[in-house]
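Chemist: Quick one: this structure, given as structure tokens, is what I'll be asking you about.
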Ligand SMILES: Cc1ncc(C[n+]2csc(CCOP(=O)(O)OP(=O)(O)O)c2C)c(N)n1
Ligand code: SF4
């Protein structure tokens, strides 16, 4: 184990800057110089990687919520590869990687061992990308949910298989260009009508806690991790983590793009308990989907050589449907 | 305690006395009775603390074992056939991570065609996975190998497979000396992991390793398995002292001294083979048998010492390496490199086909008389295969053999 790394401060997220105005106990976990720094800097993620950002917030919050007693289990994917190239590791907590498709079951095994040993103080967090979670690992994840194993599973959703070079996953949104959904011909990019919403699938298991979050709402993300860690049983957190490389966005835009995903309604942010939605994050400033799509090269074919108004309208309808379905529109106070 | 019991039950009871802390269970014949009995033992409170986890697949079962073992729990599961193959990715991973998981494999054929009966295709397919593989001759040994397997696994930090023939052993009732808790406790100390997931002393397990060190890691995996060649006999010796019976070890030579012909086999067929050897010896034939308990690591030296003086070796294979012939034979041949003798590979008992004494008598007589080819299939229905071969000769696109044969059998031709 290398000595704990010096914490550096970052200005991130809409509310982080206001930290110094808050009471110390209300401040962000990341604002605390004594934070655990579970994932140290110096790892090999791309600049502006949303997944690295999300994972650091999630694990530091999980560690704070449990007094530093967390074991992390990781699926194969960017997060694993960029953090543990031999002979180095960026993890300052006990961390186990086994395979691409089994992180939930491995986490269940860790939880079972801790149960057998009566170690109720040590908590387990499983984590993986959207490919590892919604596709290849779904069977194991569903088993973990169904047994209600005491694991918080976190999916870092960058909407494709990034580690193998940006191929589609079951979480790739319609019309997004990936290496296996090329923008050629009339119906460009990933098709409409495929893909799956894992938060909804998780809710169907009626587990104690399901939530979505993005790296634009980092205080919200921390709060959700704290809430999840306050509960026992299977908990699921789905975090939208833009990927500059796969999405074709500037490294400095990761948080802005994540916020646009929320504000357009394409990524609804909510919480659920026992299968029922309990809380939604209302959209404070709603934007048309176009504002979200335009800065991303994976949607460039919707704008050049001509603007595909038909396709964009269809995506707008999907966003509108989310807004209605999850009741995301801010109430107008008259 | 000596009792009349089923093989699976004796194994389950013995496993329970080994005090596993996590058991992952997924049903597949002929392994089911083992995990069913363990479920009962855990539920009844006879085995605690123990987490018995019903999972959704064998892939999850082995994955769960990986997590549990890495978190410091003594971990057990059992499977067979398609289940073992469904675990494969996790099997290699458990070995690569050096996790001392113990698993019983109730050997069964692999489909297609689907077949639930015994042969060794399942475990043999995992010969290069890095798991230690021990094959039980009978139910007494099947039970006895489990405390030894936990000892071995934990001493070397490697996973161990105990292979017992499906149905033939798992479902057979016989008199078995099932060890007692105190005896097992004296033989098997509590599990002390070499490396464990612990928030007080965090380690990263399962990091990515590039070309600069991967070969070295694999070399060390090999070196570690080779250490088992010493550990296995040591543990078997200690077992004999503690339990006053012979079980385990690397090999079991039977009447091999001054034998011209030696039959090599693994698992329950050894009982029949030794009976035939006795009968032929009574007729003055110089024949012996060599049972191999430890297939991985393969005891090259020990096998060479026993077989090196023979004139011919007949290897009974309960699996088929399609496209080349025998799996065990290839290992035996490596052991005998540089030694000239007649070697015969005999594929026998696939998918539960009985291996009878009459067939073995005929087989060994043929071997001694020089009538045996290099690759033979015991009791092959030549009429059936010749019809199909003729059909294949007529057309390169003759269709799947199983379906053609079924049609033939169905129409009574
Ligand atoms: C069984 C198996 N199939 C395929 C792969 C190759 N593979 C490694 S990571 C990966 C994609 C990871 O995508 P995701 O889970 O979305 O994580 P990301 O890299 O995007 O963070 C794939 C396909 C593998 N390691 N194992
Ligand atoms: S490819 Fe994407 S997810 Fe992977 S490290 Fe780069 S930015 Fe992060």
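Residue numbers (the working numbering), protein chains in the order written: chain A, 1 to 334; chain B, 335 to 747.
Idealized CB from N, CA, C, for every residue including glycine.
Given the structure is predicted, the values throughout are model-derived calculations rather than measurements.
Using a Cβ cut-off of 8 Å (strictly closer), state whether residue 86 of chain A contacts chain E.
Modeler: Absent here is chain E; the protein component of the structure consists of chains A and B.
Chemist: Flag residue 455 of chain B as yes if its beta-carbon sits less than 8 Å from any beta-carbon of chain A, otherwise no.
Modeler: Here residue 455 of chain B refers to the residue found at position 121 of the second chain. Not closer than 8 Å to any Cβ of chain A, the Cβ of residue 455 of chain B fails to qualify, so no.
Chemist: Measuring only between beta-carbons, confirm whether residue 629 of chain B sits less than 8 Å from chain A.
Modeler: Within the second chain, the letter at position 295 stands for residue 629 of chain B. Not an interface residue.
Chemist: Short of 9 Å Cβ to Cβ, which residues in the segment 128 to 161 of chain A face chain B?
Modeler: Within the segment 128 to 161 of chain A, the qualifying residues are 139, 140, 142, 143, 144, 146, 147 and 149.
Chemist: Rounded to the nearest angstrom, what separates residue 364 of chain B and residue 451 of chain B at their Cα positions?
Modeler: Residue 364 of chain B sits at position 30 when you count from the first residue of the second chain. Residue 451 of chain B sits at position 117 when you count from the first residue of the second chain. Their Cα atoms are separated by approximately 8 Å.
Chemist: Taking the C-alpha atoms as reference points, what is the distance between residue 489 of chain B and residue 360 of chain B?
Modeler: Looking up residue 489 of chain B in the second chain gives position 155. Looking up residue 360 of chain B in the second chain gives position 26. Taking the straight line joining both Cα atoms gives about 27 Å.
Chemist: Round the Cβ separation of residue 460 of chain B and residue 503 of chain B to the nearest angstrom and send it over; I've been treating them as touching at under 8 Å.
Modeler: Here residue 460 of chain B corresponds to residue number 126 of the second chain, with the count starting at 1. Here residue 503 of chain B corresponds to residue number 169 of the second chain, with the count starting at 1. Not a contact, Cβ separation roughly 19 Å.
Chemist: When you compare the CB positions of residue 529 of chain B and residue 576 of chain B, do they come within less than 8 Å of one another, or not?
Modeler: As a first step, residue 529 of chain B is located in the second chain; it is residue number 195 there, counting from the start. As a first step, residue 576 of chain B is located in the second chain; it is residue number 242 there, counting from the start. It is not a contact, given that the beta carbons lie outside the stated cut-off.
Chemist: Would you say residue 68 of chain A lies against chain B (beta-carbon separation less than 8 Å)?
Modeler: Here residue 68 of chain A corresponds to residue number 68 of the first chain, with the count starting at 1. Yes, residue 68 of chain A counts as interfacial toward chain B.
Chemist: Taking Cβ-Cβ distances shorter than 7 Å, what residues in chain A pair up with residue 437 of chain B?
Modeler: Mapped onto the second chain, residue 437 of chain B falls at position 103. Neighbours of residue 437 of chain B on chain A: none; closest Cβ ~14 Å, over 7 Å.
Chemist: So which residues on chain B does residue 89 of chain A lean against when the C-beta distance must stay under 7 Å?
Modeler: As a working note, residue 89 of chain A is residue 89 in the first chain. Within chain B, the residues near residue 89 of chain A are 538 and 541.
Chemist: Using CA coordinates, which residue listed in A:113, A:119, A:88 and A:72 is at the minimum distance from residue 98 of chain A?
Modeler: As a first step, residue 98 of chain A is located in the first chain; it is residue number 98 there, counting from the start. Answer by Cα proximity: A:72.
Chemist: Measuring only the C-alpha atoms, how far is residue 434 of chain B from residue 542 of chain B?
Modeler: As a working note, residue 434 of chain B is residue 100 in the second chain. As a working note, residue 542 of chain B is residue 208 in the second chain. Using only the alpha carbons, I get a separation of about 21 Å.
Chemist: Taking the CB atoms as reference points, tell me whether residue 681 of chain B and residue 711 of chain B lie closer together than 8 Å.
Modeler: In the second chain, the residue the question calls residue 681 of chain B occupies position 347. In the second chain, the residue the question calls residue 711 of chain B occupies position 377. Yes, the pair counts as a contact, with Cβ atoms nearer than the cut-off.
Chemist: If you drop the 5 nearest sequence neighbours on each side, which residues of the same chain put their C-beta closer than 6 Å to that of residue 709 of chain B?
Modeler: Locating residue 709 of chain B in the second chain gives position 375, where the first residue counts as 1. For residue 709 of chain B, where only same-chain residues beyond five positions count, the Cβ hits under 6 Å are 659 and 679.
Chemist: With DSSP as the reference, please indicate the residues paired to residue 238 of chain A in a beta bridge.
Modeler: If you number the first chain from 1, residue 238 of chain A lands on position 238. In DSSP, residue 238 of chain A forms a bridge with A:155 and A:212.
Chemist: Less than 8 Å between CB atoms is the rule here; does residue 122 of chain A satisfy it with respect to chain B?
Modeler: Here residue 122 of chain A is taken as the residue at index 122 of the first chain, counted from 1. Chain B, which has a Cβ nearer than 8 Å to the Cβ of residue 122 of chain A, makes this yes.
Chemist: Classify residue 656 of chain B: buried if its beta carbon has 16 or more other beta carbons within 10 angstroms, exposed otherwise.
Modeler: For the purposes of this step, residue 656 of chain B is taken as residue 322 along the second chain, with counting starting at 1. Exposed: under 16 other Cβ atoms inside 10 Å.
Chemist: So what's residue 702 of chain B in DSSP terms, helix, strand or just coil?
Modeler: Residue mapping note: residue 702 of chain B aligns to position 368 of the second chain, counting from 1. In this structure, residue 702 of chain B counts as helix in the three-state DSSP scheme.
Chemist: Spatial neighbours of residue 663 of chain B within its chain, please: C-beta separation below 6 Å, excluding the five flanking residues on both sides.
Modeler: Residue 663 of chain B sits at position 329 when you count from the first residue of the second chain. Closer than 6 Å at Cβ, skipping near neighbours: 649 and 679.
Chemist: Of the choices A:37, A:27 and A:52, whose alpha-carbon is the least far from that of residue 255 of chain A?
Modeler: Residue 255 of chain A sits at position 255 when you count from the first residue of the first chain. Cα-wise, what sits closest to residue 255 of chain A is A:52.
Chemist: Can you find a C-beta in chain A that's less than 8 Å from the C-beta of residue 397 of chain B?
Modeler: In the second chain, residue 397 of chain B corresponds to position 63, counting from 1. It does; some Cβ of chain A falls within 8 Å.
Chemist: Which residues in the same chain as residue 148 of chain A place their Cβ atom closer than 7 Å to its Cβ, once the five residues preceding and following it in sequence are excluded?
Modeler: On the first chain, position 148 is the one that residue 148 of chain A refers to. Result list for residue 148 of chain A: 207, 233 and 234, in chain order.
Chemist: With respect to the alpha helix (DSSP H) encompassing residue 739 of chain B, which residues constitute its N-terminal and C-terminal limits?
Modeler: The residue you call residue 739 of chain B lines up with position 405 of the second chain. Looking at the DSSP string, the run of the alpha helix (DSSP H) that includes residue 739 of chain B is 735 to 744.
Chemist: Can you find a C-beta in chain B that's less than 8 Å from the C-beta of residue 196 of chain A?
Modeler: On the first chain, residue 196 of chain A is found 196 positions in, with the first residue counted as 1. No, its Cβ sits nowhere closer than 8 Å to a Cβ of chain B.
Chemist: Are any of the Cβ atoms in chain A nearer than 8 Å to that of residue 393 of chain B?
Modeler: For the purposes of this step, residue 393 of chain B is identified with residue 59 of the second chain, where counting begins at 1. So yes, residue 393 of chain B belongs to the interface.
Chemist: Taking buried to mean at least 16 other C-beta atoms within 10 Å of its own C-beta, is residue 194 of chain A buried or exposed?
Modeler: Here residue 194 of chain A corresponds to residue number 194 of the first chain, with the count starting at 1. Residue 194 of chain A should be labelled exposed.
Chemist: Hey, quick one: how far does the alpha helix (DSSP H) through residue 161 of chain A stretch, first residue to last?
Modeler: Here residue 161 of chain A refers to the residue found at position 161 of the first chain. Per DSSP, residue 161 of chain A belongs to no alpha helix (DSSP H) and is neither H nor E.
Chemist: State whether the segment 589 to 597 of chain B contacts the segment 612 to 625 of chain B, with contact taken as three or more CB pairs (one from each stretch) at a distance under 8 Å.
Modeler: Yes, the segment 589 to 597 of chain B is in contact with the segment 612 to 625 of chain B.
Chemist: Grouping DSSP H, G and I as helix and E and B as strand, with all else coil, what is residue 279 of chain A?
Modeler: Position 279 of the first chain holds residue 279 of chain A. Strand.
Chemist: Which chain B residues are close to residue 73 of chain A, counting only those with a beta carbon under 7 Å from its beta carbon?
Modeler: To locate residue 73 of chain A, count along the first chain from 1; it is residue 73. Residues of chain B passing the Cβ test: 401.
Chemist: Under a Cβ-count criterion, where at least 16 other Cβ atoms within 10 Å of its own Cβ denotes burial, should residue 454 of chain B be classed as buried or exposed?
Modeler: Taking the first residue of the second chain as position 1, residue 454 of chain B is located at position 120. Answer is buried; the Cβ neighbour count reaches 16.
Chemist: For residue 185 of chain A, which of A:322, A:91 and A:308 has the nearest alpha-carbon?
Modeler: Counting from 1 along the first chain, the entry for residue 185 of chain A is found at position 185. With distances taken between Cα atoms, residue 185 of chain A lies closest to A:308.
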